[in-house]
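Data block below; observations after.
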Amino acid sequence: MKPAIATINSEALRHNIQLIKSFAPNQKLLAMIKANAYGQGLLPAAHILADQVDGFGVARLREALEIQETGYTGKILLVEGFF
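So this is what it looks like as structure tokens:
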């Protein structure tokens with residue numbers, strides 16, 4: 001069986017974010033990039049989206065710390081539960 005491959009077009013992603021923001025211009029937009037940005041790479045996704053969104057949502061503290069270590073100073077919502 002061949003592995004599934006998903007390729008994200010960063011320009012199309014930026015365009016789609018701007019389109020979403022145009023429908024709700026006075027709202028904040030949080031990009032959920034948990035689980036390694038759903039297999040696309042946490043830090044590459046954060047880099048592409050950082051200037052487009054108001055913050056990031058992640059599922060693990062490790063992910064939040066990795067994003068902070070890049071120098072990102074925006075908001076990060078940690079949605080990890082208690083175990």
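Mapping of the sequence shown onto full-length UniProt numbering: position 39 corresponds to residue 39, and the numbering continues sequentially without gaps.
For every residue, glycine included, the Cβ atom is placed at its ideal position computed from N, Cα and C.
Predicted, not measured: the structure shown is a model, and the values here were computed from it.
Supposed close pair residue i, residue j - CB separation, criterion 8 angstroms
i            : j             : result
residue 171  : isoleucine 48 : The chain is shown only over 1 to 83; residue 171 falls outside these bounds and no answer can be derived.
alanine 50   : tyrosine 72   : 6 angstroms
glutamine 52 : isoleucine 17 : 5 angstroms
Of the listed residues the options, nearest to residue i (C-alpha basis)
i             : options                : result
leucine 42    : Ala59, Leu29 and Gln52 : Ala59
asparagine 26 : Asp54, Glu63 and Gly74 : Asp54
arginine 62   : Glu80, Ala50 and Gln52 : Glu80
threonine 7   : Gly39, Ile20 and Ala31 : Gly39
Alpha-carbon to alpha-carbon, residue j and residue i
i                : j             : result
phenylalanine 56 : alanine 24    : 18 angstroms
threonine 70     : proline 3     : 31 angstroms
methionine 1     : leucine 29    : 38 angstroms
leucine 65       : methionine 32 : 15 angstroms
leucine 78       : isoleucine 67 : 12 angstroms
Burial state of residue i, where buried means 16 or more other Cβ atoms lie within 10 Å
i             : result
isoleucine 76 : buried
lysine 34     : buried
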